[in-house]
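A.B. asks: Handing you a structure now.
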Ligand code: B12
Ligand code: SF4
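Residue numbers (this note's numbering): 318 to 870.
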């Protein structure tokens, strides 16, 4: 739990030319104590749970949406923030509160989300739920008192006015639906300080919302729109300052659905990021989600290189051109995929690839094609997911019309695959296990050591040379040496990579490669033992928490 305090409002930012949204919540006179909780995620390949004890952090990423809502709450309301991924909420937190606000991101989190509602109700507290999951699927949350559907906007004001008037639980559930969104240029700086950046694997910021494409399986266009909306560069720099001033030195993840959804806007931002990095001696490196066709804009890539973008999550989904066409992801066919990955690597950008299995076009040869693609591309992290039909997607509507949705508890996916279910799950499991055999992932990392990392902009040591950072590096390295280099059962593979890198004092690479590989190898082994879910959307309960990734862009 973070400290109890009242959040400071950030300085106002320049309004957009088309700005019409002027309402503010009517909350005069009310003094409220608000408990804001982010539920535990379901363990995933991409939540990096196995890396936390080695790095001395508690969770993957601070919950941007909830921290933003906190900053938007009336200044005189008292706030307690709990990220259950860091520390569970205590009974006394619920007792303290007048109202409990919960943010639920993923559908797979919904059991944890509904459990928080039950706890709050046990103490007689009124509950509000917002976030991507409820916005797409309000019916998953029948027992919350208030549902906030959509982005920050008129619904938020209405909801706050309601809480200001009364914190009695209403007789029945009420929904607040955003009709008019608050322009991103009016978004306050999220309450990063409450979260404490040092507790997280990576920090997060948001520059834009929305994506212009319309992939068959993705709910982003319907939830966040197809015309990306942006903050101003000045706003983003203020957020980066807040994050770095709070002690973050390392990766900052741009949570934008597609960082290059509006290339002009990305090009306007990047010179500011480059200048900021230079001025502050490159304290951070960036990761983002973007469509692979960014390689068509070398000027954009050059600026991303100079701003120190190190990682890009691309929803490659499948190397099969016909399959891409079938899922309306033809923009991945605009250039040969392997060449696109090489181009990104040549700018120092390591690709993380989303992969979907269980598509209608899959055959028994699909695992071989996926593994061949992994090897040829040299992409170290590929998030193999089973396709899931999310509500508010073309895929969901099509499968519903075809009678191919199976919403049975315990299934790995709600899609009635063309191939037999057990075969598809088995293909997923075999692909994951083979891709994450220690020799295989270390080989792909070797490719990155040769073809990507040397192409990164040279960073002055000063930016990251703080006592905390050096200490974290030394202790992480020591723990990795013991856990993987001495006790690990793939220690020879580790030393083949680590020894030459240590001799050339490339400590950062040793830590990055062995930490990420450790997560992936451990995850794949758990999957082999049947602990992890194949579909990271499935709400199937596991004896041990389940699994990475992200699927958009
Ligand atoms: C960052 C991110 C992650 C991070 C999350 C870490 C973290 N703590 O933040 C990581 C990388 C771990 C992740 C993983 C996954 N993710 Co993800 N992720 C995102 C992403 C790109 C951005 C979320 C974000 O920060 N947005 C910016 C904030 C400001 O927006 P927001 O959260 O929507 O908040 C706004 C409103 O919702 C509202 N709001 C939010 N909370 C609250 C609370 C209250 C009380 C109120 C009033 C309002 C409110 O106000 C905010 C301002 O407008 C979204 C895409 C998206 N656009 O949502 C996908 C998304 C949430 N992820 C998704 C998925 C599917 C996954 C994975 C399953 C992918 C995978 N294949 O493994 C995994 C699951 C991990 C797990 N085991 O739980 C889906 C969720 C679909 C669904 N509903 O289930 C999304 C929507 C993308 C997509 N369509 O594919 N993800
Ligand atoms: S998958 Fe990516 S590119 Fe496709 S619509 Fe979703 S966010 Fe856009």
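Heads up, the beta-carbon is just placed ideally off N, CA and C, and yes, glycines get one too.
(1) Using a 10 Å radius around the Cβ and a threshold of 16 neighbouring Cβ atoms, would you call residue 710 buried or exposed?
(2) Comparing alpha-carbon positions, which option in 605, 625 and 580 lies nearest residue 594?
(3) Is there at least one non-hydrogen atom of the ligand B12 closer than 7 Å to the beta-carbon of residue 748?
(4) Output the distance between the C-alpha atoms of residue 409 and residue 397, rounded to the nearest integer angstrom.
(5) Quick check: the segment 593-609 against the segment 486-497, are at least 3 beta-carbon pairs closer than 8 Å?
(6) Going straight from the alpha carbon of residue 707 to that of residue 812, what length do you get?
(7) Taking the straight line between their C-alpha atoms, what separation do you get for residue 406 and residue 417?
(8) Beta strand (DSSP E) containing residue 627: first to last residue?
(9) For residue 868, count neighbouring C-beta atoms within 10 Å of its own C-beta (all shown protein chains included) and say buried if the count is 16 or more, exposed if not.
(10) Roughly how many whole angstroms lie between the Cα atoms of residue 399 and residue 352?
(11) Does residue 441 pass the burial test, meaning 16 or more other C-beta atoms within 10 Å, or should it be called exposed?
(12) Classify residue 757 as buried or exposed, calling it buried when 16 or more other Cβ atoms lie within 10 Å of its own Cβ.
(13) If I measure Cβ to Cβ from residue 340 and keep anything under 6 Å in the same chain, skipping five residues before and after, which residues do I get?
(14) Quick one: using the 10 Å Cβ neighbour count with 16 as the cut-off for buried, is residue 784 buried or exposed?
(15) Could you pull the start and end residues of the alpha helix (DSSP H) that residue 692 belongs to?
(16) Can you check whether the CB of residue 470 is closer than 8 Å to the CB of residue 386?
(17) Does the beta-carbon of residue 647, which I'm using as the reference point, lie nearer than 7 Å to any heavy atom of the ligand SF4?
(18) Around the Cβ of residue 380, are there at least 16 other Cβ atoms within 10 angstroms (buried) or fewer (exposed)?
(19) Please classify residue 523: is it buried, with 16 or more other beta-carbons within 10 angstroms of its beta-carbon, or exposed?
(20) Using the C-alpha atoms, what's the distance from residue 450 back to residue 378?
(21) Which same chain residues end up closer than 7 Å to residue 866 when comparing Cβ atoms and leaving out the 5 residues on each side of it in sequence?
(22) Apart from the five residues on each side of it in sequence, which residues of its chain come closer than 6 Å, Cβ to Cβ, to residue 755?
(23) Taking DSSP's pairing of strands, which residues face residue 702 in a bridge?
(24) Return yes when the Cβ of residue 540 is within less than 8 Å of the Cβ of residue 452, no when it is not.
(25) If you run the structure through DSSP and keep just helix, strand and coil, what is residue 558?
(26) Under the assumption that residue 675 contacts residue 732 (Cβ atoms under 8 Å), give the Cβ distance between them as a whole number of angstroms.
(27) Determine the direct distance from the alpha carbon of residue 547 to that of residue 338, and round the result to whole angstroms.
(28) DSSP state of residue 568, grouped into three classes?
(29) Going by beta-carbon coordinates alone, are residue 833 and residue 698 separated by less than 8 Å?
(30) Given a threshold of 16 other Cβ atoms within 10 Å of its Cβ, counted over all protein chains shown, does residue 816 qualify as buried or as exposed?
(31) Residues in its own chain within less than 7 Å of residue 532 by CB, not counting five upstream and five downstream?
(32) Using beta-carbon positions only, say whether residue 509 and residue 462 come within less than 8 Å of one another.
(33) Classify residue 839 as helix, strand or coil using the three-state DSSP reduction.
(34) What separation, rounded to the nearest whole angstrom, lies between the Cα atoms of residue 429 and residue 777?
(35) What residues in its chain sit with their C-beta under 8 Å from that of residue 412, if we drop five residues either side in the sequence?
C.D. replies: In terms of the structure at hand:
(1) Walking along the chain shown from the start, residue 710 turns up at place 393. Residue 710 is buried by the Cβ-count criterion.
(2) On the chain shown, position 277 is the one that residue 594 refers to. Nearest Cα to residue 594 within the set 605, 625 and 580: 625.
(3) The residue labelled residue 748 in the question sits at position 431 within the chain shown. No, the ligand B12 has no heavy atom inside 7 Å of this Cβ.
(4) Walking along the chain shown from the start, residue 409 turns up at place 92. Walking along the chain shown from the start, residue 397 turns up at place 80. Looking at the two C-alpha atoms, the distance is approximately 11 Å.
(5) With the rule of 3 Cβ pairs closer than 8 Å, the segment 486-497 does not count as touching the segment 593-609.
(6) On the chain shown, position 390 is the one that residue 707 refers to. On the chain shown, position 495 is the one that residue 812 refers to. Taking the CA atoms as reference points, residue 707 sits about 43 Å from residue 812.
(7) Stepping through the chain shown from its first residue, residue 406 is reached at position 89. Stepping through the chain shown from its first residue, residue 417 is reached at position 100. Each residue's CA atom was taken as its position, placing residue 406 and residue 417 some 11 Å apart.
(8) Taking the first residue of the chain shown as position 1, residue 627 is located at position 310. Per DSSP, the continuous beta strand (DSSP E) segment holding residue 627 begins and ends at 626-634.
(9) Taking the first residue of the chain shown as 1, we reach residue 868 at position 551. At residue 868 the pLDDT is 33, less than 50, meaning the model places this residue with poor confidence and gives no usable figure here.
(10) What you label residue 399 is simply residue 82 of the chain shown in a count that begins at 1. What you label residue 352 is simply residue 35 of the chain shown in a count that begins at 1. Using only the alpha carbons, I get a separation of about 8 Å.
(11) As a working mapping, residue 441 is identified with position 124 in the chain shown. Exposed is the call here.
(12) To locate residue 757, count along the chain shown from 1; it is residue 440. Buried.
(13) On the chain shown, position 23 is the one that residue 340 refers to. Low local confidence applies: a pLDDT of 46 at residue 340 is under 50, so the model's placement there is unreliable, and no value is given.
(14) Mapped onto the chain shown, residue 784 falls at position 467. With fewer than 16 other beta carbons inside 10 angstroms of its own, residue 784 counts as exposed.
(15) Residue 692 sits at position 375 when you count from the first residue of the chain shown. From DSSP, the alpha helix (DSSP H) with residue 692 extends over 683-694.
(16) Within the chain shown, the letter at position 69 stands for residue 386. Within the chain shown, the letter at position 153 stands for residue 470. The beta carbons of residue 386 and residue 470 sit no closer together than 8 Å.
(17) Residue numbering aside, residue 647 sits at position 330 when the chain shown is read from its first letter. Proximity of the beta carbon of residue 647 to the ligand SF4 is not indicated: no heavy atom of the ligand is located closer than 7 Å.
(18) The residue labelled residue 380 in the question sits at position 63 within the chain shown. Within 10 angstroms of the beta-carbon of residue 380 lie 16 or more other beta-carbons, which makes it buried.
(19) As a working mapping, residue 523 is identified with position 206 in the chain shown. Residue 523 should be labelled buried.
(20) Taking the chain shown and counting its residues from 1, the one referred to as residue 378 is at position 61. Taking the chain shown and counting its residues from 1, the one referred to as residue 450 is at position 133. Here the alpha carbon of residue 378 sits roughly 17 Å from the alpha carbon of residue 450.
(21) As a first step, residue 866 must be located in the chain shown, where it is residue number 549. Because residue 866 carries a pLDDT of 32, less than 50, the predicted location of this residue cannot be relied on, and the following value inherits that uncertainty. Cβ contact annotation for residue 866 (same chain, cutoff 7 Å, sequence separation greater than five): 361, 362, 363, 671, 700, 702 and 853, in chain order.
(22) As a first step, residue 755 is located in the chain shown; it is residue number 438 there, counting from the start. Excluding its 5 nearest sequence neighbours in each direction, residue 755 has C-beta neighbours in its own chain below 6 Å: 807, 810 and 838, listed in chain order.
(23) Locating residue 702 in the chain shown gives position 385, counting from the first residue. Looking at the DSSP assignment, residue 702 forms a beta bridge with 673.
(24) Residue numbering aside, residue 452 sits at position 135 when the chain shown is read from its first letter. Residue numbering aside, residue 540 sits at position 223 when the chain shown is read from its first letter. Yes, the pair counts as a contact, with Cβ atoms nearer than the cut-off.
(25) The sequence position of residue 558 within the chain shown is 241, counting from 1. In the structure shown, residue 558 falls within a helical segment according to DSSP collapsed to helix, strand and coil.
(26) In the chain shown, counting from the first residue as 1, residue 675 sits at position 358. In the chain shown, counting from the first residue as 1, residue 732 sits at position 415. Between residue 732 and residue 675 the Cβ distance is about 6 Å, and since that is below 8 Å, they are a contact.
(27) Locating residue 338 in the chain shown gives position 21, where the first residue counts as 1. Locating residue 547 in the chain shown gives position 230, where the first residue counts as 1. No answer about residue 338 holds up, because its pLDDT of 36 lies below 50 and its placement is not dependable.
(28) Translated into the one-based positions of the chain shown, residue 568 becomes position 251. In the structure shown, the three-state DSSP call for residue 568 is strand.
(29) As a working note, residue 833 is residue 516 in the chain shown. As a working note, residue 698 is residue 381 in the chain shown. For residue 833 and residue 698, yes; Cβs fall inside 8 Å.
(30) The count along the chain shown starts at 1 and reaches residue 816 at position 499. Residue 816 comes out exposed.
(31) Locating residue 532 in the chain shown gives position 215, counting from the first residue. These residues qualify, in order along the chain: 644, 645 and 646.
(32) Here the question's residue 509 lines up with position 192 in the chain shown. Here the question's residue 462 lines up with position 145 in the chain shown. No, these two residues do not count as a Cβ contact at 8 Å.
(33) For this step, residue 839 is matched to residue 522 along the chain shown. The three-state secondary structure of residue 839, taken from DSSP, is helix.
(34) Numbered from 1 along the chain shown, position 112 holds the residue referred to as residue 429. Numbered from 1 along the chain shown, position 460 holds the residue referred to as residue 777. Roughly 43 Å separates the two Cα atoms.
(35) For this step, residue 412 is matched to residue 95 along the chain shown. Excluding positions up to five away in sequence, the list reads 440.
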